[in-house]
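The next block holds one structure in the form of structure tokens; read it before the comments.
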Amino acid sequence: MNIGKLELRDREESFINLNPLQTGGRTTSDARKIIISYIDGYSICDWCKGALHITTEPDIAGFLGEVSDFLGMDYALPTNGCREAKYGVMHSISTGGSILCDGNMHYSSEVAAERAGLKIYKVPNKGEPEFKINPADYAEGFELVKKETGKYPELALLTHVDGEYGNLVDAKEVGKICNDYSVPFLLNTAYSSGRMEISGKNIGADFIACSGHKSWAAGGGNIGILAVKEGWQDKVFKPGTNWKSKPLEILGCSTRGASLMALMASFPHVKERVKNWDEEVKKARYLVNELEKIDMKQLGEKPKNHDLIKLDTPVYDNIAKTHKKKGYFLYYELKDRGIIGMKPGRTRKFKISTYGLSWEQVGYVAESFLEIGGG
139 MNIGKLELRD REESFINLNP LQTGGRTTSD ARKIIISYID GYSICDWCKG ALHITTEPDI
199 AGFLGEVSDF LGMDYALPTN GCREAKYGVM HSISTGGSIL CDGNMHYSSE VAAERAGLKI
259 YKVPNKGEPE FKINPADYAE GFELVKKETG KYPELALLTH VDGEYGNLVD AKEVGKICND
319 YSVPFLLNTA YSSGRMEISG KNIGADFIAC SGHKSWAAGG GNIGILAVKE GWQDKVFKPG
379 TNWKSKPLEI LGCSTRGASL MALMASFPHV KERVKNWDEE VKKARYLVNE LEKIDMKQLG
439 EKPKNHDLIK LDTPVYDNIA KTHKKKGYFL YYELKDRGII GMKPGRTRKF KISTYGLSWE
499 QVGYVAESFL EIGGG
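If you're matching positions, the sequence shown starts at 139 in the working numbering and goes up one per residue.
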């Protein structure tokens with residue numbers, strides 16, 4: 139069914155969706171109801187007290203306090219996305235110095251740093267086949283930055299779980315090194331907070347950036363969270379000169395509508411689901427073990443510690459060479475079996491996610507991939 143030229147989709151209702159960008163953002167039924175209720179205009183601002191984050195009807199202020207506790211931090215603000223949260227930190231502390239980032243960082247981290255005027259240094263990954271980031275290399279990176287610039291970087295950024303390989307880095311080790319060097323530590327949790335339990339204070343993070351649409355069951359709208367620990371709120375959440383209730387780094391009020399309400403409605407569900415993280419990891423490991431029975435190889439750290447799985451699949455690439463649909467055959471074979479989320483045309487390397495699937499669904503996905511590959 140269409141509305142004009144726009145398709146009304148039923149992807150989550152009728153298919154098993156393996157898209158890593160979407161599995162952690164699947165909305166709850168409560169979130170879908172609240173989105174409709176707050177979809178018009180600035181309805182979230184009906185009882186505005188001067189800024190979004192201090193609004194109490196709906197209780198955004200109370201929600202942000204709960205989020206801070208949930209993340210093991212002290213203060214939180216809603217942002218238009220995880221990248222805006224990262225940029226807000228970078229811009230607020232930048233004096234034209236440098237930043238040390240992991241080599242697996244998302245492109246948005248790099249462009250945010252560039253926009254904030256920071257010179258970018260990288261901790262490289264260890265290359266094939268695991269592409270891991272070694273936390274100890276942050277110390278070496280700090281020394282390299284000081285050797286080249288005369289001082290340590292203004293900020294360190296770690297991608298807790300990268301979006302390419304799904305590698306989970308020991309953030310606590312990076313936090314210790316940052317503390318030893320007195321370098322502020324920004325943790326990008328786009329693929330971790332909301333899926334697994336995170337304690338910023340335990341990790342040693344000064345700032346945490348979160349993605350609502352990737353990992354907090356808030357759907358596809360633009361919504362993120364920036365959480366900071368005590369001592370940074372005056373700098374990062376600094377208000378405007380003439381607008382004392384408006385934080386500069388989020389341009390006063392950020393996500394002013396249904397996306398924030400979806401995040402709030404899904405939060406009780408998110409708080410519970412993080413307790414089941416070990417089970418989610420087991421599903422990913424099971425699928426990898428099954429798929430590697432044929433000519434397929436998982437890339438990234440082994441065993442898996444996250445649901446995002448990158449695969450190297452010569453078996454499908456070889457089939458594509460003689461198939462009448464070429465590289466698109468795999469997409470359609472899976473769709474015919476009720477499985478979506480693959481990028482059409484990909485047969486050699488691609489990413490999938492098992493997050494939120496039942497064991498029955500994971501088993502069916504494994505059987506389908508093996509059947510298509512002739513296993």
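The beta-carbon is built from N, C-alpha and C at its ideal position, and this holds for glycine as well.
To the nearest angstrom, how far is it from the Cα of MET399 to the Cα of ILE258? 35 Å
Following a CB-centred definition, is SER331 positioned closer than 7 Å to any heavy atom of the ligand GTP? Here there are no bound small molecules, and the ligand GTP is not part of this structure.
In chain order, which alpha helix (DSSP H) runs of at least 4 residues are fully inside the stretch 457-489? 467-474
Straight-line gap, PHE323 to ALA294 (C-alpha atoms, nearest Å): 5 Å
Counting pairs of beta carbons, one from the stretch 390-406 and one from the stretch 183-190, are three or more of them closer than 8 Å? yes
Top-ranked residue by Cα proximity to VAL261, from PRO291, SER232, PRO267: PRO291
Tell me whether the beta-carbon of GLU418 lies closer than 8 Å to the beta-carbon of TYR303. no
From ALA274 to LEU449, what distance separates their C-alpha atoms? 27 Å
Short check: CB of SER506 to CB of ILE478, under 8 Å? no
Between which two residues does the beta strand (DSSP E) holding THR217 run? 213-217
Grab me the residues of VAL205's own chain with a C-beta within less than 8 Å of its C-beta, minus the 5 sequence neighbours each way, in chain order. ALA214, ILE363, ALA365, PHE405
Own chain residues within Cβ distance below 7 Å of THR327, not counting five before or after: HIS298, ILE336, ILE346, ALA347, CYS348
Considering just the uninterrupted stretch of the alpha helix (DSSP H) at TYR502, what are its terminal residues? 497-510
When DSSP labels each residue in this structure, what does LYS384 get in the three-state scheme? coil
How big is the Cα-Cα spacing for LYS367 and ILE341? 12 Å
Could you tell me the distance, in whole angstroms, from the CA atom of ALA277 to the CA atom of VAL312? 9 Å
In three-state DSSP terms, what is LYS260? strand
Based on DSSP bridge pairs, tell me the residues matched to ALA294. LEU238, PHE323
For LYS448, the three-state DSSP class (helix, strand or coil): strand
Straight-line CA distance for TRP354 to GLY395? 16 Å
Could you check whether LEU446 and PRO158 sit closer than 8 Å to each other, using their CB atoms as the reference points? yes
List the endpoints of the continuous beta strand (DSSP E) containing GLN436. 435-437
Using beta-carbon positions only, say whether PHE356 and SER383 come within less than 8 Å of one another. It should be pointed out that residue 356 corresponds to Ala in this sequence rather than to Phe. Contact flag unset, no.
Exposure of GLU387, with buried meaning 16 or more beta-carbon neighbours within 10 Å: buried
Decide yes or no for the touch test of the stretch 457-477 against the stretch 496-510: beta carbon pairs closer than 8 Å, at least 3 of them. yes
Looking at the structure shown, is GLY362 part of a helix, part of a strand, or coil, going by DSSP? strand
Considering Cα atoms alone, identify which of ARG484, LYS143, ILE172 is closest to ALA403. ILE172
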